[in-house]
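Reviewing the structure listed below.
Numbering (the numbering used here), first residue to last: 96 to 620.
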(Lines of atoms letter the chains of each structure in order from A and count residues from 1; the text may use other names and numbers.)
(Lines give C-alpha, C1' and ligand atoms only; values in the text may rest on other atoms or scores of the structure.)
Protein backbone atom coordinates (compact mmCIF):
# COMPACT_ATOMS: atom_id res chain seq x y z
CA UNK A 1 0.00 0.00 0.00
CA UNK A 2 1.34 3.43 -0.97
CA UNK A 3 2.30 5.93 1.70
CA UNK A 4 -0.08 8.73 2.58
CA UNK A 5 1.45 12.20 2.28
CA UNK A 6 0.13 15.21 4.18
CA UNK A 7 1.26 18.78 4.83
CA UNK A 8 0.98 21.05 7.84
CA UNK A 9 1.82 24.67 8.54
CA UNK A 10 2.81 24.05 12.15
CA UNK A 11 4.91 21.60 14.10
CA UNK A 12 3.22 19.00 16.29
CA UNK A 13 4.56 17.07 19.26
CA UNK A 14 6.23 13.76 18.39
CA UNK A 15 8.94 11.46 19.75
CA UNK A 16 11.72 10.27 17.40
CA UNK A 17 11.57 6.88 19.09
CA UNK A 18 8.05 6.38 17.73
CA UNK A 19 8.06 8.71 14.72
CA UNK A 20 11.36 9.35 12.91
CA UNK A 21 11.99 12.96 11.90
CA UNK A 22 14.16 14.72 9.33
CA UNK A 23 14.84 18.44 9.75
CA UNK A 24 16.10 19.87 6.46
CA UNK A 25 16.78 23.23 4.84
CA UNK A 26 19.49 25.49 3.51
CA UNK A 27 22.27 25.97 6.05
CA UNK A 28 21.60 29.70 6.35
CA UNK A 29 17.97 28.91 7.24
CA UNK A 30 18.92 26.19 9.73
CA UNK A 31 21.14 28.70 11.50
CA UNK A 32 18.23 31.12 11.86
CA UNK A 33 16.13 28.78 13.98
CA UNK A 34 16.48 28.01 17.67
CA UNK A 35 16.27 24.64 19.39
CA UNK A 36 13.03 25.74 20.99
CA UNK A 37 11.51 26.07 17.50
CA UNK A 38 11.92 22.32 16.87
CA UNK A 39 12.27 20.86 20.37
CA UNK A 40 8.78 19.35 20.29
CA UNK A 41 9.95 17.09 17.42
CA UNK A 42 13.16 16.00 19.21
CA UNK A 43 12.71 15.87 22.97
CA UNK A 44 13.34 13.89 25.09
CA UNK A 45 15.83 12.11 22.77
CA UNK A 46 17.81 15.16 21.66
CA UNK A 47 18.89 18.13 23.76
CA UNK A 48 19.81 21.68 22.76
CA UNK A 49 23.56 21.11 22.90
CA UNK A 50 23.42 18.14 20.55
CA UNK A 51 21.21 20.02 18.09
CA UNK A 52 23.37 23.16 18.13
CA UNK A 53 26.58 21.17 17.71
CA UNK A 54 25.08 19.27 14.78
CA UNK A 55 24.08 22.48 12.99
CA UNK A 56 27.54 23.98 13.50
CA UNK A 57 29.12 20.81 12.15
CA UNK A 58 27.22 20.78 8.85
CA UNK A 59 29.40 21.52 5.81
CA UNK A 60 27.29 20.90 2.68
CA UNK A 61 29.35 19.70 -0.28
CA UNK A 62 26.93 19.65 -1.97
CA UNK A 63 24.71 18.34 0.85
CA UNK A 64 25.39 17.17 4.38
CA UNK A 65 23.49 15.47 7.16
CA UNK A 66 24.05 14.58 10.79
CA UNK A 67 22.20 11.98 12.89
CA UNK A 68 20.83 13.40 16.11
CA UNK A 69 19.44 10.21 17.65
CA UNK A 70 20.30 6.88 16.03
CA UNK A 71 18.77 6.95 12.55
CA UNK A 72 15.44 8.27 13.79
CA UNK A 73 16.32 11.95 14.06
CA UNK A 74 18.45 13.69 11.43
CA UNK A 75 19.30 17.26 10.47
CA UNK A 76 20.36 17.89 6.86
CA UNK A 77 21.54 20.86 4.84
CA UNK A 78 20.85 21.58 1.17
CA UNK A 79 23.59 22.87 -1.18
CA UNK A 80 24.99 26.33 -0.52
CA UNK A 81 25.85 27.11 -4.13
CA UNK A 82 23.20 27.30 -6.81
CA UNK A 83 23.90 28.47 -10.38
CA UNK A 84 21.64 30.75 -12.38
CA UNK A 85 20.18 27.96 -14.53
CA UNK A 86 19.28 25.87 -11.50
CA UNK A 87 16.30 26.29 -9.21
CA UNK A 88 17.08 28.34 -6.11
CA UNK A 89 14.71 26.04 -4.20
CA UNK A 90 17.31 23.22 -4.43
CA UNK A 91 14.35 20.87 -4.96
CA UNK A 92 16.35 18.12 -6.70
CA UNK A 93 18.75 17.91 -3.76
CA UNK A 94 15.80 17.99 -1.37
CA UNK A 95 14.31 14.91 -3.05
CA UNK A 96 17.59 13.02 -2.79
CA UNK A 97 18.08 13.93 0.87
CA UNK A 98 14.54 13.06 1.85
CA UNK A 99 14.66 9.73 0.04
CA UNK A 100 17.97 8.78 1.66
CA UNK A 101 16.70 9.58 5.18
CA UNK A 102 13.42 7.65 5.18
CA UNK A 103 13.33 5.28 8.15
CA UNK A 104 10.02 3.58 7.34
CA UNK A 105 6.74 3.73 9.19
CA UNK A 106 4.94 6.92 10.18
CA UNK A 107 7.43 9.79 10.11
CA UNK A 108 7.86 13.53 9.86
CA UNK A 109 9.81 15.86 7.61
CA UNK A 110 10.36 19.39 8.91
CA UNK A 111 11.31 21.74 6.07
CA UNK A 112 12.89 25.09 6.96
CA UNK A 113 12.34 27.41 4.00
CA UNK A 114 10.98 30.68 2.69
CA UNK A 115 7.38 31.00 1.57
CA UNK A 116 8.38 31.16 -2.11
CA UNK A 117 9.88 27.66 -1.87
CA UNK A 118 6.74 25.93 -0.58
CA UNK A 119 5.35 24.59 -3.87
CA UNK A 120 8.73 23.33 -5.10
CA UNK A 121 9.44 21.57 -1.81
CA UNK A 122 6.01 19.92 -1.74
CA UNK A 123 6.57 18.55 -5.25
CA UNK A 124 10.09 17.43 -4.32
CA UNK A 125 8.82 15.34 -1.41
CA UNK A 126 5.92 13.97 -3.49
CA UNK A 127 8.43 12.57 -6.01
CA UNK A 128 10.00 10.43 -3.31
CA UNK A 129 6.76 8.58 -2.56
CA UNK A 130 5.57 6.82 -5.73
CA UNK A 131 2.07 5.35 -5.75
CA UNK A 132 2.78 2.36 -7.98
CA UNK A 133 4.54 -0.85 -6.97
CA UNK A 134 4.04 -4.51 -7.84
CA UNK A 135 6.64 -5.82 -5.38
CA UNK A 136 5.33 -8.82 -3.48
CA UNK A 137 7.00 -7.46 -0.35
CA UNK A 138 5.01 -4.21 -0.40
CA UNK A 139 3.49 -3.80 3.09
CA UNK A 140 -0.27 -4.19 3.22
CA UNK A 141 -0.54 -1.54 5.92
CA UNK A 142 0.09 1.97 4.69
CA UNK A 143 2.31 4.52 6.38
CA UNK A 144 1.92 8.27 6.71
CA UNK A 145 4.56 10.89 5.99
CA UNK A 146 3.74 14.34 7.32
CA UNK A 147 5.62 17.40 6.05
CA UNK A 148 5.63 20.27 8.52
CA UNK A 149 6.92 23.72 7.57
CA UNK A 150 8.87 26.24 9.59
CA UNK A 151 9.04 29.47 7.60
CA UNK A 152 11.98 31.85 7.74
CA UNK A 153 12.93 34.98 5.83
CA UNK A 154 10.52 36.79 3.54
CA UNK A 155 6.90 35.86 4.23
CA UNK A 156 7.64 34.10 7.50
CA UNK A 157 5.47 36.55 9.44
CA UNK A 158 2.37 35.08 7.79
CA UNK A 159 1.59 31.50 8.87
CA UNK A 160 0.28 28.97 6.40
CA UNK A 161 -3.52 28.93 6.22
CA UNK A 162 -5.96 26.29 5.04
CA UNK A 163 -5.80 27.56 1.44
CA UNK A 164 -2.01 27.18 1.40
CA UNK A 165 -2.15 23.67 2.83
CA UNK A 166 -4.86 22.66 0.36
CA UNK A 167 -2.63 23.87 -2.47
CA UNK A 168 0.37 21.88 -1.23
CA UNK A 169 -1.70 18.73 -0.78
CA UNK A 170 -3.13 19.11 -4.28
CA UNK A 171 0.32 19.77 -5.77
CA UNK A 172 1.54 16.51 -4.23
CA UNK A 173 -1.56 14.67 -5.42
CA UNK A 174 -1.07 15.94 -8.99
CA UNK A 175 2.63 15.05 -9.06
CA UNK A 176 2.02 11.55 -7.67
CA UNK A 177 -0.87 10.94 -10.09
CA UNK A 178 1.35 11.93 -13.01
CA UNK A 179 4.17 9.68 -11.85
CA UNK A 180 1.81 6.76 -11.21
CA UNK A 181 0.48 6.78 -14.77
CA UNK A 182 4.00 6.89 -16.19
CA UNK A 183 5.25 4.11 -13.89
CA UNK A 184 2.48 1.62 -14.75
CA UNK A 185 3.36 -0.71 -17.66
CA UNK A 186 1.26 -0.76 -20.81
CA UNK A 187 -0.36 -4.11 -19.98
CA UNK A 188 -2.18 -2.23 -17.22
CA UNK A 189 -1.99 1.37 -18.51
CA UNK A 190 -3.11 1.01 -22.12
CA UNK A 191 -5.26 3.55 -23.93
CA UNK A 192 -8.51 2.35 -22.37
CA UNK A 193 -7.18 2.44 -18.81
CA UNK A 194 -5.67 5.88 -19.46
CA UNK A 195 -9.17 6.98 -20.49
CA UNK A 196 -10.40 5.61 -17.16
CA UNK A 197 -7.86 7.83 -15.38
CA UNK A 198 -9.17 10.81 -17.35
CA UNK A 199 -12.74 9.92 -16.45
CA UNK A 200 -11.78 9.60 -12.78
CA UNK A 201 -10.19 13.06 -12.73
CA UNK A 202 -13.24 14.42 -14.56
CA UNK A 203 -15.51 12.84 -11.95
CA UNK A 204 -13.57 14.48 -9.11
CA UNK A 205 -13.88 17.85 -10.84
CA UNK A 206 -17.47 17.43 -12.03
CA UNK A 207 -16.41 17.44 -15.69
CA UNK A 208 -17.50 14.95 -18.36
CA UNK A 209 -14.67 14.23 -20.84
CA UNK A 210 -15.26 14.39 -24.58
CA UNK A 211 -13.78 11.26 -26.17
CA UNK A 212 -13.21 10.37 -29.83
CA UNK A 213 -12.03 6.78 -30.02
CA UNK A 214 -11.22 4.01 -32.47
CA UNK A 215 -12.30 4.27 -36.10
CA UNK A 216 -14.14 7.52 -35.38
CA UNK A 217 -10.70 9.16 -35.37
CA UNK A 218 -10.13 8.04 -38.94
CA UNK A 219 -13.58 9.17 -40.02
CA UNK A 220 -13.11 12.62 -38.45
CA UNK A 221 -9.69 13.21 -40.01
CA UNK A 222 -7.31 12.52 -37.11
CA UNK A 223 -4.85 10.74 -39.39
CA UNK A 224 -1.93 11.07 -37.01
CA UNK A 225 -3.49 9.52 -33.90
CA UNK A 226 -5.30 6.86 -35.90
CA UNK A 227 -2.28 6.01 -38.02
CA UNK A 228 0.01 5.58 -35.02
CA UNK A 229 -2.38 3.53 -32.89
CA UNK A 230 -4.51 1.52 -35.35
CA UNK A 231 -2.36 -1.64 -35.12
CA UNK A 232 -2.74 -2.01 -31.34
CA UNK A 233 -5.21 -4.26 -29.55
CA UNK A 234 -6.47 -1.23 -27.59
CA UNK A 235 -7.30 1.39 -30.19
CA UNK A 236 -6.24 5.04 -30.01
CA UNK A 237 -8.31 7.91 -28.68
CA UNK A 238 -8.41 11.66 -28.34
CA UNK A 239 -9.91 12.85 -25.06
CA UNK A 240 -10.66 16.39 -23.89
CA UNK A 241 -11.38 17.77 -20.43
CA UNK A 242 -12.79 21.30 -20.52
CA UNK A 243 -13.20 23.89 -17.77
CA UNK A 244 -15.03 27.03 -18.86
CA UNK A 245 -15.67 29.57 -16.06
CA UNK A 246 -18.20 32.25 -17.02
CA UNK A 247 -15.79 35.16 -16.48
CA UNK A 248 -13.11 33.77 -18.81
CA UNK A 249 -11.67 36.07 -21.48
CA UNK A 250 -9.05 33.81 -23.08
CA UNK A 251 -8.84 30.14 -24.00
CA UNK A 252 -5.87 27.96 -23.07
CA UNK A 253 -5.27 24.44 -24.41
CA UNK A 254 -2.80 21.98 -22.90
CA UNK A 255 -2.05 19.11 -25.31
CA UNK A 256 -0.27 15.97 -24.11
CA UNK A 257 1.43 13.12 -25.97
CA UNK A 258 0.07 9.85 -24.60
CA UNK A 259 1.94 7.03 -26.30
CA UNK A 260 1.27 4.31 -23.75
CA UNK A 261 4.00 2.16 -25.26
CA UNK A 262 6.36 2.80 -28.15
CA UNK A 263 7.84 -0.18 -29.96
CA UNK A 264 9.03 2.18 -32.68
CA UNK A 265 6.50 0.61 -35.03
CA UNK A 266 7.88 -1.12 -38.11
CA UNK A 267 11.05 0.98 -37.65
CA UNK A 268 11.38 -1.07 -34.49
CA UNK A 269 13.53 -0.11 -31.52
CA UNK A 270 16.34 -2.29 -30.19
CA UNK A 271 15.76 -4.64 -27.24
CA UNK A 272 17.49 -2.17 -24.91
CA UNK A 273 16.03 0.93 -26.55
CA UNK A 274 12.50 -0.39 -26.10
CA UNK A 275 12.78 -0.83 -22.33
CA UNK A 276 11.19 2.08 -20.50
CA UNK A 277 8.91 3.04 -23.38
CA UNK A 278 5.93 2.84 -21.01
CA UNK A 279 7.12 6.36 -20.12
CA UNK A 280 6.23 7.73 -23.55
CA UNK A 281 2.89 8.90 -22.13
CA UNK A 282 4.65 11.33 -19.77
CA UNK A 283 3.34 14.41 -21.56
CA UNK A 284 -0.31 13.37 -21.36
CA UNK A 285 0.11 12.19 -17.76
CA UNK A 286 1.63 15.55 -16.89
CA UNK A 287 -1.25 17.38 -18.56
CA UNK A 288 -3.78 15.35 -16.57
CA UNK A 289 -2.09 16.21 -13.29
CA UNK A 290 -1.74 19.83 -14.41
CA UNK A 291 -5.41 20.14 -15.32
CA UNK A 292 -6.50 18.61 -12.02
CA UNK A 293 -4.35 21.02 -10.02
CA UNK A 294 -5.38 24.06 -12.08
CA UNK A 295 -9.11 23.45 -11.79
CA UNK A 296 -8.92 22.56 -8.10
CA UNK A 297 -7.10 25.83 -7.46
CA UNK A 298 -9.69 27.87 -9.36
CA UNK A 299 -8.35 28.63 -12.85
CA UNK A 300 -9.89 31.84 -14.18
CA UNK A 301 -9.73 31.28 -17.95
CA UNK A 302 -11.14 28.65 -20.30
CA UNK A 303 -8.88 25.62 -19.97
CA UNK A 304 -8.87 22.51 -22.15
CA UNK A 305 -6.65 19.46 -21.63
CA UNK A 306 -6.28 17.43 -24.82
CA UNK A 307 -4.93 13.88 -24.55
CA UNK A 308 -3.57 12.17 -27.67
CA UNK A 309 -3.56 8.49 -26.74
CA UNK A 310 -2.14 5.62 -28.80
CA UNK A 311 0.07 2.56 -28.60
CA UNK A 312 2.70 2.47 -31.32
CA UNK A 313 2.46 -1.26 -31.95
CA UNK A 314 3.67 -3.65 -34.65
CA UNK A 315 1.09 -5.59 -36.65
CA UNK A 316 -0.53 -6.08 -40.05
CA UNK A 317 -2.29 -2.72 -39.77
CA UNK A 318 0.78 -0.78 -38.63
CA UNK A 319 1.79 2.42 -40.36
CA UNK A 320 4.54 1.78 -42.94
CA UNK A 321 7.44 3.90 -44.16
CA UNK A 322 6.38 5.58 -47.44
CA UNK A 323 2.72 5.77 -46.33
CA UNK A 324 1.17 9.22 -46.65
CA UNK A 325 -1.38 10.31 -44.06
CA UNK A 326 -3.46 13.44 -43.66
CA UNK A 327 -3.48 15.09 -40.24
CA UNK A 328 -6.37 17.04 -38.71
CA UNK A 329 -4.77 20.26 -39.96
CA UNK A 330 -5.38 19.05 -43.53
CA UNK A 331 -1.65 18.77 -44.22
CA UNK A 332 -0.20 15.57 -45.67
CA UNK A 333 2.75 13.73 -44.15
CA UNK A 334 5.03 11.17 -45.80
CA UNK A 335 6.17 8.63 -43.24
CA UNK A 336 9.91 8.05 -43.32
CA UNK A 337 10.25 6.90 -39.70
CA UNK A 338 7.48 5.15 -37.78
CA UNK A 339 9.47 5.79 -34.59
CA UNK A 340 8.84 9.52 -34.97
CA UNK A 341 5.21 9.01 -33.95
CA UNK A 342 4.73 11.46 -31.08
CA UNK A 343 4.78 14.47 -33.38
CA UNK A 344 2.05 12.85 -35.49
CA UNK A 345 -0.42 12.52 -32.61
CA UNK A 346 0.46 15.98 -31.30
CA UNK A 347 0.03 17.49 -34.76
CA UNK A 348 -3.58 16.29 -34.57
CA UNK A 349 -3.89 17.52 -30.99
CA UNK A 350 -2.74 21.08 -31.59
CA UNK A 351 -4.78 21.21 -34.80
CA UNK A 352 -7.87 20.31 -32.79
CA UNK A 353 -7.01 22.91 -30.16
CA UNK A 354 -6.79 25.57 -32.85
CA UNK A 355 -9.71 24.62 -35.11
CA UNK A 356 -12.28 23.32 -32.64
CA UNK A 357 -11.33 24.84 -29.28
CA UNK A 358 -10.28 28.23 -30.73
CA UNK A 359 -7.41 28.41 -28.25
CA UNK A 360 -5.46 31.65 -27.84
CA UNK A 361 -2.60 29.88 -26.08
CA UNK A 362 -1.59 26.31 -26.94
CA UNK A 363 0.96 24.34 -24.92
CA UNK A 364 2.01 20.86 -25.98
CA UNK A 365 4.11 18.64 -23.73
CA UNK A 366 5.77 15.40 -24.70
CA UNK A 367 8.53 12.90 -24.12
CA UNK A 368 9.33 13.65 -27.73
CA UNK A 369 13.02 13.11 -28.50
CA UNK A 370 16.05 11.35 -27.09
CA UNK A 371 17.95 14.35 -28.41
CA UNK A 372 16.37 16.52 -25.71
CA UNK A 373 18.41 14.81 -22.99
CA UNK A 374 21.57 15.48 -24.98
CA UNK A 375 20.67 19.09 -25.77
CA UNK A 376 19.37 20.32 -22.41
CA UNK A 377 20.16 17.44 -20.05
CA UNK A 378 18.42 15.27 -17.49
CA UNK A 379 16.91 18.06 -15.44
CA UNK A 380 15.90 20.75 -17.96
CA UNK A 381 13.13 20.16 -20.48
CA UNK A 382 13.69 21.79 -23.85
CA UNK A 383 11.17 24.49 -24.78
CA UNK A 384 10.36 25.99 -28.17
CA UNK A 385 7.94 28.86 -28.65
CA UNK A 386 6.84 31.52 -31.13
CA UNK A 387 6.67 34.12 -28.33
CA UNK A 388 9.62 35.61 -26.46
CA UNK A 389 7.56 36.63 -23.43
CA UNK A 390 6.36 33.05 -23.09
CA UNK A 391 9.91 31.74 -23.36
CA UNK A 392 11.21 34.03 -20.61
CA UNK A 393 8.20 33.34 -18.39
CA UNK A 394 8.54 29.58 -18.78
CA UNK A 395 12.22 29.63 -17.81
CA UNK A 396 11.39 31.69 -14.72
CA UNK A 397 8.46 29.43 -13.83
CA UNK A 398 10.72 26.38 -14.00
CA UNK A 399 13.24 27.99 -11.68
CA UNK A 400 10.50 28.96 -9.22
CA UNK A 401 8.89 25.50 -9.03
CA UNK A 402 11.75 23.07 -9.72
CA UNK A 403 10.50 21.70 -13.08
CA UNK A 404 13.37 23.25 -15.00
CA UNK A 405 13.34 24.22 -18.69
CA UNK A 406 15.78 25.74 -21.18
CA UNK A 407 15.02 27.21 -24.63
CA UNK A 408 16.12 25.69 -27.91
CA UNK A 409 16.36 27.78 -31.11
CA UNK A 410 13.13 28.87 -32.78
CA UNK A 411 14.03 29.32 -36.46
CA UNK A 412 11.46 27.67 -38.75
CA UNK A 413 13.09 29.10 -41.85
CA UNK A 414 16.37 27.37 -40.96
CA UNK A 415 15.14 24.08 -39.56
CA UNK A 416 11.78 23.16 -41.05
CA UNK A 417 13.23 22.42 -44.53
CA UNK A 418 14.61 19.26 -42.90
CA UNK A 419 11.11 17.79 -43.47
CA UNK A 420 10.90 18.50 -47.21
CA UNK A 421 9.06 15.82 -49.18
CA UNK A 422 8.73 15.33 -52.93
CA UNK A 423 5.25 13.82 -52.68
CA UNK A 424 3.61 15.31 -49.54
CA UNK A 425 3.53 18.53 -47.57
CA UNK A 426 6.26 17.19 -45.32
CA UNK A 427 8.01 14.07 -44.05
CA UNK A 428 7.78 13.15 -40.39
CA UNK A 429 11.50 12.82 -39.69
CA UNK A 430 14.47 15.02 -40.49
CA UNK A 431 16.97 14.55 -43.30
CA UNK A 432 19.93 15.58 -41.12
CA UNK A 433 19.83 14.28 -37.55
CA UNK A 434 22.72 16.56 -36.56
CA UNK A 435 20.73 19.74 -37.22
CA UNK A 436 18.89 20.86 -34.06
CA UNK A 437 16.72 17.76 -33.64
CA UNK A 438 14.82 19.09 -30.63
CA UNK A 439 13.88 22.27 -32.49
CA UNK A 440 12.98 20.36 -35.64
CA UNK A 441 10.70 17.91 -33.83
CA UNK A 442 8.89 20.78 -32.13
CA UNK A 443 8.56 22.69 -35.40
CA UNK A 444 6.86 19.70 -36.99
CA UNK A 445 4.12 20.05 -34.37
CA UNK A 446 3.97 23.82 -34.77
CA UNK A 447 3.61 23.49 -38.53
CA UNK A 448 0.13 22.05 -38.00
CA UNK A 449 -0.87 25.33 -36.41
CA UNK A 450 0.96 27.21 -39.13
CA UNK A 451 3.94 29.45 -38.46
CA UNK A 452 1.59 32.41 -38.93
CA UNK A 453 -0.55 31.23 -35.98
CA UNK A 454 -1.84 34.41 -34.36
CA UNK A 455 -1.83 32.99 -30.85
CA UNK A 456 0.95 31.83 -28.57
CA UNK A 457 2.36 28.33 -28.90
CA UNK A 458 4.74 26.64 -26.46
CA UNK A 459 6.29 23.21 -26.97
CA UNK A 460 7.83 21.36 -24.00
CA UNK A 461 10.03 18.33 -24.70
CA UNK A 462 10.53 16.65 -21.31
CA UNK A 463 11.78 13.21 -22.35
CA UNK A 464 14.70 13.17 -19.90
CA UNK A 465 13.26 14.97 -16.84
CA UNK A 466 10.15 12.76 -16.95
CA UNK A 467 12.11 10.11 -15.04
CA UNK A 468 15.10 9.54 -12.80
CA UNK A 469 16.43 6.05 -13.30
CA UNK A 470 13.50 3.64 -13.43
CA UNK A 471 11.05 5.95 -11.63
CA UNK A 472 8.84 8.72 -12.98
CA UNK A 473 9.29 12.20 -11.52
CA UNK A 474 5.78 13.54 -12.00
CA UNK A 475 7.15 16.34 -14.19
CA UNK A 476 4.68 18.94 -15.46
CA UNK A 477 1.95 19.93 -13.00
CA UNK A 478 4.05 22.38 -11.00
CA UNK A 479 5.58 23.88 -14.16
CA UNK A 480 2.29 24.64 -15.89
CA UNK A 481 0.52 25.81 -12.75
CA UNK A 482 3.40 28.13 -11.93
CA UNK A 483 3.61 29.41 -15.50
CA UNK A 484 -0.14 30.07 -15.54
CA UNK A 485 -0.33 30.87 -11.82
CA UNK A 486 -1.32 34.46 -12.56
CA UNK A 487 -4.67 33.11 -13.68
CA UNK A 488 -5.18 30.93 -10.61
CA UNK A 489 -7.42 31.89 -7.71
CA UNK A 490 -4.86 30.43 -5.30
CA UNK A 491 -2.59 33.04 -3.75
CA UNK A 492 0.34 30.64 -3.30
CA UNK A 493 0.44 29.88 -7.05
CA UNK A 494 -0.07 33.57 -7.80
CA UNK A 495 2.93 34.47 -5.65
CA UNK A 496 5.39 32.32 -7.62
CA UNK A 497 3.95 32.98 -11.09
CA UNK A 498 6.28 34.87 -13.44
CA UNK A 499 5.17 38.08 -15.09
CA UNK A 500 3.21 37.23 -18.24
CA UNK A 501 2.69 40.43 -20.28
CA UNK A 502 0.67 38.58 -22.92
CA UNK A 503 -2.28 38.31 -20.49
CA UNK A 504 -2.64 42.08 -20.52
CA UNK A 505 -2.39 42.58 -24.29
CA UNK A 506 -5.27 42.80 -26.67
CA UNK A 507 -2.96 41.29 -29.28
CA UNK A 508 -0.03 38.92 -28.90
CA UNK A 509 3.46 39.37 -30.27
CA UNK A 510 4.44 36.49 -32.50
CA UNK A 511 7.74 36.19 -34.31
CA UNK A 512 7.44 36.32 -38.08
CA UNK A 513 8.84 33.30 -39.88
CA UNK A 514 10.44 35.35 -42.65
CA UNK A 515 12.38 37.89 -40.58
CA UNK A 516 13.54 37.26 -37.02
CA UNK A 517 14.42 40.92 -36.55
CA UNK A 518 10.75 41.94 -36.84
CA UNK A 519 7.70 41.22 -34.75
CA UNK A 520 4.11 41.56 -35.82
CA UNK A 521 1.33 42.35 -33.41
CA UNK A 522 -1.47 40.04 -34.42
CA UNK A 523 -4.98 40.22 -33.04
CA UNK A 524 -6.09 36.97 -31.41
CA UNK A 525 -9.31 35.33 -32.45
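We put the CB at the ideal spot given by N, CA and C, even for glycine.
Exercise. Counting pairs of beta carbons, one from the segment 359-369 and one from the segment 340-351, are three or more of them closer than 8 Å?
Worked result: By the Cβ rule, the segment 359-369 does not count as touching the segment 340-351, because fewer than three pairs are nearer than 8 Å.
Problem set entry | CB-CB length for residue 462 against residue 561, believed under 8 Å | Residue 462 to residue 561, Cβ: 5 Å. Contact.
Exercise. Among 202, 399, 512 and 123, which residue has its Cα nearest to the Cα of residue 109?
Worked result: The residue among 202, 399, 512 and 123 with its C-alpha nearest the C-alpha of residue 109 is 202.
Problem set entry | Own chain partners of residue 313 with C-beta closer than 7 Å, once the 5 adjacent residues on each side are dropped | Within the same chain, residue 313 has close Cβ partners 321.
Exercise. When you compare only the Cα positions, how much space is there between residue 490 and residue 501?
Worked result: Straight-line Cα distance between these residues: approximately 6 Å.
Exercise. Should the segment 278-297 be called in touch with the segment 415-429, which here means at least 3 C-beta pairs below 8 Å?
Worked result: Touching, no.
For this session: Name the two residues that bound the continuous beta strand (DSSP E) containing residue 479.
Result: In the DSSP assignment, residue 479 falls within the unbroken beta strand (DSSP E) covering 476-480.
Exercise. For the putative contact between residue 351 and residue 381, defined by C-beta atoms under 8 Å, what is the C-beta separation to the nearest angstrom?
Worked result: About 6 Å separates the beta carbons of residue 351 and residue 381, which is inside the 8 Å limit, making them a contact pair.
For this session: Take the Cβ of residue 115 as the centre, count every other Cβ of all protein chains shown within 10 Å, and call the residue buried at 16 or more, exposed below.
Result: Looking at its Cβ environment, which holds 16 or more other Cβ atoms inside 10 Å, residue 115 is buried.
Exercise. Got a sec? Which residues, its chain only, sit under 7 Å from residue 122 by beta carbon, not counting five neighbours each side?
Worked result: Exclusion of the five residues before and after residue 122 leaves 153, 155, 172 and 175 as the residues of its chain whose Cβ lies within less than 7 Å of its Cβ.
Exercise. How long is the line joining the alpha carbons of residue 608 and residue 539, rounded to whole angstroms?
Worked result: Any reading at residue 608 must be qualified, since the residue scores a pLDDT of 46, below 50, and its modelled position is unreliable; no value is offered.
For this session: Could you say which of 518, 384 and 250 lies nearest to residue 273 if we only look at CA atoms?
Result: When each option's Cα is compared against that of residue 273, the closest is 384.
Exercise. When DSSP labels each residue in this structure, what does residue 351 get in the three-state scheme?
Worked result: If DSSP states are grouped into helix, strand and coil, residue 351 belongs with the strands.
Exercise. Beta-carbon separation of residue 430 and residue 441 under 8 Å?
Worked result: No, Cβ-Cβ distance for residue 430 and residue 441 is not below 8 Å.
Exercise. Which class does residue 329 belong to by DSSP, given the choice of helix, strand or coil?
Worked result: Here residue 329 carries a coil assignment [DSSP, helix/strand/coil].
Problem set entry | Residues near residue 486 by beta carbon distance below 6 Å, same chain, minus five either side | Cβ neighbours of residue 486 beyond the five flanking positions: 480 and 502.
Exercise. If residue 245 and residue 213 are in contact, beta carbons under 8 Å, what's the gap, nearest whole angstrom?
Worked result: At roughly 12 Å, the Cβ-Cβ gap does not stay under 8 Å, so residue 245 and residue 213 are not in contact.
Exercise. Is the beta carbon of residue 422 less than 8 Å from the beta carbon of residue 437?
Worked result: Residue 437 sits away from residue 422, with the two beta carbons spaced by 8 Å or more.
Exercise. Hey, how far is the Cα of residue 390 from the Cα of residue 165?
Worked result: Approximately 44 Å between the Cα atoms of the pair.
For this session: Assign residue 135 to one of two classes, buried (16 or more other C-beta atoms within 10 Å of its C-beta) or exposed (fewer than that).
Result: Flag for residue 135 reads exposed.
Problem set entry | Contacts around residue 468, its chain only, beta-carbon distance under 8 Å, and the 5 residues preceding and following it disregarded | When the five nearest sequence neighbours on each side are left out, the beta carbons in the same chain lying within less than 8 Å of the beta carbon of residue 468 are those of 558 and 559, in order along the chain.
Exercise. When the distance is taken between beta carbons, is residue 524 closer than 8 Å to residue 407?
Worked result: Taking a C-beta distance under 8 Å as the contact criterion, residue 407 and residue 524 do not qualify as a contact pair.
Exercise. Which residues in the same chain as residue 303 place their Cβ atom closer than 7 Å to its Cβ, once the five residues preceding and following it in sequence are excluded?
Worked result: Its chain contains 297 as the residues whose beta carbon lies nearer than 7 Å to that of residue 303, once the 5 sequence neighbours on both sides are disregarded; these appear in chain order.
Problem set entry | For residue 163, three-class secondary structure by DSSP | DSSP places residue 163 in strand when its eight states are reduced to three.
Exercise. To the nearest angstrom, how far is it from the Cα of residue 494 to the Cα of residue 158?
Worked result: Distance between the alpha carbons of residue 494 and residue 158 is about 20 Å.
Exercise. Just how far apart, CA to CA, sit residue 326 and residue 409?
Worked result: Just so you know, the alpha carbons of residue 326 and residue 409 end up roughly 6 Å apart.
For this session: Would you mind giving the Cβ-Cβ distance between residue 306 and residue 334, rounded to the nearest angstrom? I have them listed as a contact below 8 Å.
Result: With 8 Å as the limit, residue 306 and residue 334 qualify as a contact, their Cβ atoms being about 5 Å apart.
Exercise. Can you tell which of 149, 143, 589 and 401 has its C-alpha closest to the C-alpha of residue 460?
Worked result: The shortest C-alpha separation from residue 460 is found at 401.
Exercise. Using DSSP with H/G/I as helix, E/B as strand and the rest coil, what is residue 596?
Worked result: Of the three classes helix, strand and coil, the one that applies to residue 596 here is helix, per DSSP.
Problem set entry | Nearest to residue 193 (by Cα), restricted to the options 578, 240 and 210 | Check the Cα spacing between residue 193 and each of 578, 240 and 210: the tightest is with 240.
For this session: Look at the Cβ atom of residue 265, then the Cβ atom of residue 388, and state whether they are nearer than 8 Å.
Result: Their beta carbons are under 8 Å apart, which means residue 265 touches residue 388 by this criterion.
Exercise. With DSSP run on the structure shown, which of helix, strand or coil describes residue 183?
Worked result: In this structure, DSSP gives residue 183 a state outside helix and strand, which the three-state scheme calls coil.
Problem set entry | residue 442: CB within 7 Å of a non-hydrogen atom of the ligand PLP | Summarising the ligand content, the structure contains no ligands, and the ligand PLP is consequently not present.
For this session: Please work out which residues of its chain come closer than 6 Å, Cβ to Cβ, to residue 444, disregarding the five sequence neighbours upstream and downstream, and give them in chain order.
Result: These residues qualify, in order along the chain: 350, 401 and 403.
Exercise. Is the Cβ-Cβ distance between residue 580 and residue 592 less than 8 Å?
Worked result: Yes, the Cβ-Cβ distance between residue 580 and residue 592 is below 8 Å.
Exercise. Under 8 Å, do residue 128 and residue 242 count as touching if we go by C-beta distance?
Worked result: No, Cβ-Cβ distance for residue 128 and residue 242 is not below 8 Å.
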